[in-house]
Every structure is written in C-alpha cells, then in structure tokens.
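Numbering (this note's numbering), first residue to last: 2 to 177. For every residue, glycine included, the Cβ atom is placed at its ideal position computed from N, Cα and C. Computed from a prediction, not measured in an experiment: that's the story for all the values here. To start, the structure itself, in structure tokens.
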Ligand SMILES: [Zn+2]
C-alpha cells in the first residue's frame, strides 16, 4: 500500500505503511527546493504516531537540494524530534549524503542511524558511472580511509574505481 503524503511540481513524498510490523517508510523523490513545504510530512507523522513504532526515511530518490531545501529539511527533523518521534534513514542518495557532509544536521541531531547510501563508481574505459548500494553496517575503515568493496564494470568487466574522495564521502560513518 502506498499513500500520497505530499505532491509538488518536482518533489513528492509517499508513505508505505506496514501496520502488522508497526513500521512506516516515507519515500522522498525529486528536487527539494524553496517550492517545497514539508508541513504535510510532519502532519502525517503526528497523525499516525500511534500506529507505528518505527519510521524509516528513504531518500534514495532525492536528486537535488537547494539551501532553502536544507533549511526546510532541518526544521522538519527538529519538529518531529521535539514531538518525540524517532526515525532512521533506510537509504540516502549521493546528493543527499554530499549535502549531509556539509550540513550534518540533515541527518538529525543527535544523528539518526543510516542503513544504506548510494556509492558511485567509475569505469574510465567505458566512461560509465554505475551507482551501487553500500550498507553502512558493512563499511570498515583503515584510519580515515574506508575499505570499499570492489565492483566490476558491467560492460568491459574491468575493475571500477570509486568516483568520489572516499575518505570525505564516508566521513560521517567513521567509528571514531
Ligand atoms: Zn568498463
């Protein structure tokens, strides 16, 4: 079941409730900018507060965030945090994680748990940039440097390189 929570021109939020498991996943997609007001999201969470023990936020479909969007997002988290709601991030897009590296409050204060983030790789030979899912629980570090799994190019079979500065990209998930 999927419930529309918010629909803007280039942004939408849907709820996928699992009443048996007392869990709801909110799925965010599109461009979060000054045209988006997230009040409908906090209203949905407040109204359904008794139904769910767990709220997951899926941001894998967030393709852009403006500075107004950053402010709007941080005030949403502050509002639902003050109301005593707890959440975790089931998935983050590359854009969202890059923004969170600049503004860590995007992940809540105190920071909420993150399950999966987008991990972009690159094949220089094919000029291809496939994006994989990296589970944070499986991420290990050697100092500041994350030990990333190796992936092969689906076209040429060659070894893919991680396409960001890995120590910066994953810096929020270092254990120390
Ligand atoms: Zn290739």
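In chain order, what residues of the same chain lie with their CB nearer than 7 Å to the CB of residue i, ignoring the 5 residues before and after it?
i	result
residue 91	26, 57, 58, 59, 116 and 117
residue 84	47
residue 86	46, 50 and 56
residue 129	154 and 156
So the beta strand (DSSP E) residue i belongs to, where does it begin and stop?
i	result
residue 143	141-143
residue 133	132-136
residue 161	Looking at the DSSP string, residue 161 is not in any beta strand (DSSP E), and its letter there is neither H nor E.
residue 148	146-148
Whole angstroms are fine: how far does the CA of residue j sit from the CA of residue i?
i	j	result
residue 159	residue 66	33 Å
residue 174	residue 5	32 Å
residue 71	residue 77	10 Å
residue 52	residue 172	35 Å
residue 156	residue 15	34 Å
residue 81	residue 149	34 Å
residue 32	residue 139	29 Å
residue 170	residue 153	20 Å
residue 105	residue 113	11 Å
residue 75	residue 136	24 Å
residue 37	residue 142	37 Å
residue 39	residue 22	26 Å
residue 28	residue 144	34 Å
residue 44	residue 99	28 Å
residue 101	residue 93	10 Å
Which residues in the same chain have their Cβ closer than 6 Å to the Cβ of residue i, if we skip the five residues on either side of it in sequence?
i	result
residue 41	6 and 7
residue 109	78
residue 161	122, 124, 152 and 154
Can you find the residues in the same chain that come closer than 8 Å, C-beta to C-beta, to residue i, ignoring five residues on each side of it along the sequence?
i	result
residue 132	95, 119, 120, 121 and 122
residue 34	11, 12, 65, 66, 67, 69 and 70
residue 2	17 and 18
residue 97	60, 63, 66 and 107
3 or more residues per run - each beta strand (DSSP E) lying fully within the stretch 3-48: Qualifying beta strand (DSSP E) stretches, in chain order: 4-8, 12-19 and 24-33.
Start-end ranges of the alpha helix (DSSP H) lying completely within the stretch 51-115, minimum 4 residues: Taken in chain order, the complete alpha helix (DSSP H) segments of 4 or more residues contained in the stretch 51-115 are 68-83 and 95-103.
Environment of ligand 1 in chain order, Cβ to heavy atom below 7 Å: Qualifying residues, in the order they occur: 124, 126, 127, 129, 154, 156, 157 and 159.
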